[in-house]
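Some notes on the structure that comes next.
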Amino acid sequence: MNKTVRTLDYEKIVKILEETEDKYVFEKVNLIPKEDELRDKLKKYVNYNKMNRKSVLGIDIYKYSSYDEFEQSLIPFLFKLMFRETIDRCFSNHKFMFQKYTKSEIEESFISTGDGGFLIFDIPMHSLLFAANFALVLRTYNSYHLFPKLRKIIGGVSLRYAITYDKLYYFENSHYGRAIINNARILSKDNLNRCLIDQNVYNWFTVNIDGLENLQVLGIDDIANIYDFKGAYDYEILEKHPDGFFMKESTRDMGIINSDVLKIGEINSKESTISIYNIHIQVASRLKRGDSSRIITISLGNLNTSHLF
Numbered sequence: 351m352n353k354t355v356r357t358l359d360y361e362k363i364v365k366i367l368e369e370t371e372d373k374y375v376f377e378k379v380n381l382i383p384k385e386d387e388l389r390d391k392l393k394k395y396v397n398y399n400k401m402n403r404k405s406v407l408g409i410d411i412y413k414y415s416s417y418d419e420f421e422q423s424l425i426p427f428l429f430k431l432m433f434r435e436t437i438d439r440c441f442s443n444h445k446f447m448f449q450k451y452t453k454s455e456i457e458e459s460f461i462s463t464g465d466g467g468f469l470i471f472d473i474p475m476h477s478l479l480f481a482a483n484f485a486l487v488l489r490t491y492n493s494y495h496l497f498p499k500l501r502k503i504i505g506g507v508s509l510r511y512a513i514t515y516d517k518l519y520y521f522e523n524s525h526y527g528r529a530i531i532n533n534a535r536i537l538s539k540d541n542l543n544r545c546l547i548d549q550n551v552y553n554w555f556t557v558n559i560d561g562l563e564n565l566q567v568l569g570i571d572d573i574a575n576i577y578d579f580k581g582a583y584d585y586e587i588l589e590k591h592p593d594g595f596f597m598k599e600s601t602r603d604m605g606i607i608n609s610d611v612l613k614i615g616e617i618n619s620k621e622s623t624i625s626i627y628n629i630h631i632q633v634a635s636r637l638k639r640g641d642s643s644r645i646i647t648i649s650l651g652n653l654n655t656s657h658l659f
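Everything in the sequence shown is counted per the numbering used here, starting at 351 for the first residue and increasing by one.
Below, the structure is given as structure tokens:
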């Protein structure tokens, strides 16, 4: 990843505490102390304003608990299978945009929740592309192209997605921060298998490509000129490995052929009110296996506006 995540160290925080106050205080009269000195030292160490933003993609298996026990026991395997297939597709379809990652890095950074989990990327474009490729893999499974006998045993699977873009930090082998907190809250409030984004993601696409709706008309040169890519990415990769979604010129025959966005509500956090948007992205992609291939068109999310926040 091209941006490091701020790491907070347990021992360093303990040292700040020990330098500023006694660990245990027992007086005859309990007094609430003045904390200004400690607060200033902790603020300086944490340096929250300098924390980088990261994009978090949350994926959740819709109505996981409704499966019978036997089928339910196989779903974690199925999720990992589709997860690895998606990683392979991203490195095949989008070698330019995923050049700052390794396959093992993406897999190891995955935060499992049992019925899904969270992925951490540098920018919302990475999250959106990963989600779209996951939806393609899901369709190949649901339409009996990926381990069809397993599909017959487990049954069909639906996913819901959330993409957020906010501050993140690392502590004791785990990630924390508003990007994950807000993502989990969005997923928990969604009663349908949609793809929801927060205001920061909406703003990122507005600033960089004049809005999510433009995804359907942009070519790879437009995408490659996004600020986060310029100067930091190797453009020679595109000469040997064209992008699978964004062509030299947009034709709307392949890749992203339709993109819609609709504000559906708000959630309240401690610091602010966050607007939530429902997105619907249609993608046509050619899947090849050996000498055979097939064009599959999928929808990431849907336009269902019932059961709003």
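The beta carbon of each residue, even a glycine, is placed where N, CA and C say it ideally should be.
Span separating the alpha-carbon of residue i from that of residue j
{"i": "M401", "j": "F555", "result": "21 Å"}
{"i": "V375", "j": "D390", "result": "21 Å"}
{"i": "I645", "j": "L565", "result": "20 Å"}
{"i": "A534", "j": "L479", "result": "20 Å"}
{"i": "N352", "j": "F595", "result": "Any answer about N352 is weak, because its pLDDT of 44 lies below 50 and its placement is not dependable; what the coordinates show is given next. One C-alpha to the other measures close to 23 Å."}
{"i": "V611", "j": "L509", "result": "18 Å"}
{"i": "L469", "j": "I536", "result": "15 Å"}
{"i": "V355", "j": "L431", "result": "28 Å"}
{"i": "M447", "j": "F579", "result": "8 Å"}
{"i": "I648", "j": "Y552", "result": "22 Å"}
{"i": "N397", "j": "V406", "result": "21 Å"}
{"i": "L305", "j": "G640", "result": "Residue 305 is absent from the structure shown; the chain starts at 351 and stops at 659."}
{"i": "I409", "j": "S454", "result": "19 Å"}
{"i": "I607", "j": "K638", "result": "20 Å"}
{"i": "I559", "j": "G569", "result": "11 Å"}
{"i": "E419", "j": "D572", "result": "48 Å"}
{"i": "T370", "j": "A574", "result": "50 Å"}
{"i": "V507", "j": "K384", "result": "55 Å"}
{"i": "Y583", "j": "S416", "result": "44 Å"}
{"i": "S643", "j": "R489", "result": "15 Å"}
{"i": "G467", "j": "S600", "result": "33 Å"}
{"i": "F471", "j": "S609", "result": "21 Å"}
{"i": "S538", "j": "L496", "result": "29 Å"}
{"i": "F433", "j": "L650", "result": "16 Å"}
{"i": "N618", "j": "D548", "result": "12 Å"}
{"i": "G561", "j": "K502", "result": "40 Å"}
{"i": "V364", "j": "L500", "result": "51 Å"}
{"i": "E457", "j": "D372", "result": "42 Å"}
Residue i: first and last residue of the uninterrupted alpha helix (DSSP H) it sits in
{"i": "L431", "result": "419–443"}
{"i": "K517", "result": "K517 -> not in any alpha helix (DSSP H); beta strand (DSSP E) instead, spanning 509–517."}
{"i": "I503", "result": "498–504"}
{"i": "T556", "result": "549–559"}
{"i": "S493", "result": "Unbroken run through S493: none, as it is neither H nor E."}
{"i": "I631", "result": "Where I631 is concerned, there is no enclosing alpha helix (DSSP H), although the beta strand (DSSP E) it sits in stretches over 623–639."}
{"i": "G453", "result": "A small correction: the amino acid at residue 453 is Lys; Gly does not occupy that position in the sequence shown. From DSSP, the alpha helix (DSSP H) with K453 extends over 453–459."}
Whole-Å CB distance - residue i paired with residue j, under 8 Å assumed
{"i": "I614", "j": "I626", "result": "6 Å"}
{"i": "N652", "j": "N543", "result": "7 Å"}
{"i": "E435", "j": "V487", "result": "5 Å"}
{"i": "K404", "j": "L546", "result": "About 18 Å; that fails the 8 Å criterion."}
{"i": "I411", "j": "I425", "result": "6 Å"}
{"i": "K362", "j": "Y395", "result": "7 Å"}
{"i": "I587", "j": "K445", "result": "6 Å"}
{"i": "I492", "j": "R439", "result": "The amino acid at residue 492 is misidentified as Ile; the sequence shows Asn. About 16 Å; that fails the 8 Å criterion."}
{"i": "A529", "j": "Y515", "result": "7 Å"}
{"i": "H525", "j": "I461", "result": "7 Å"}
{"i": "S477", "j": "I531", "result": "With a Cβ gap of about 16 Å, S477 and I531 do not count as contacting."}
Three-state secondary structure assigned by DSSP to residue i
{"i": "E586", "result": "coil"}
{"i": "N397", "result": "coil"}
{"i": "H476", "result": "helix"}
{"i": "Y360", "result": "helix"}
{"i": "N352", "result": "Bear in mind that the predicted position of N352 carries a pLDDT of just 44, short of 50, making it unreliable; the figure below should be weighed with that in mind. N352 falls in the coil class under three-state DSSP."}
{"i": "Q340", "result": "Any answer about residue 340 is impossible in this case: the structure gives the chain only from 351 up to 659."}
{"i": "S524", "result": "strand"}
{"i": "R544", "result": "coil"}
{"i": "K580", "result": "coil"}
{"i": "E599", "result": "coil"}
{"i": "S415", "result": "helix"}
{"i": "F484", "result": "helix"}
{"i": "T647", "result": "strand"}
{"i": "N402", "result": "coil"}
{"i": "N575", "result": "coil"}
{"i": "K613", "result": "strand"}
{"i": "S656", "result": "coil"}
{"i": "I536", "result": "helix"}
{"i": "L407", "result": "strand"}
{"i": "I382", "result": "coil"}
Residue interval of the beta strand (DSSP E) (run including residue i)
{"i": "F468", "result": "466–471"}
- Item | At least 3 beta-carbon pairs within less than 8 Å: the segment 599–606 vs the segment 627–637 | With a cut-off of 8 Å, the segment 627–637 and the segment 599–606 count as touching, because enough Cβ pairs lie within range.
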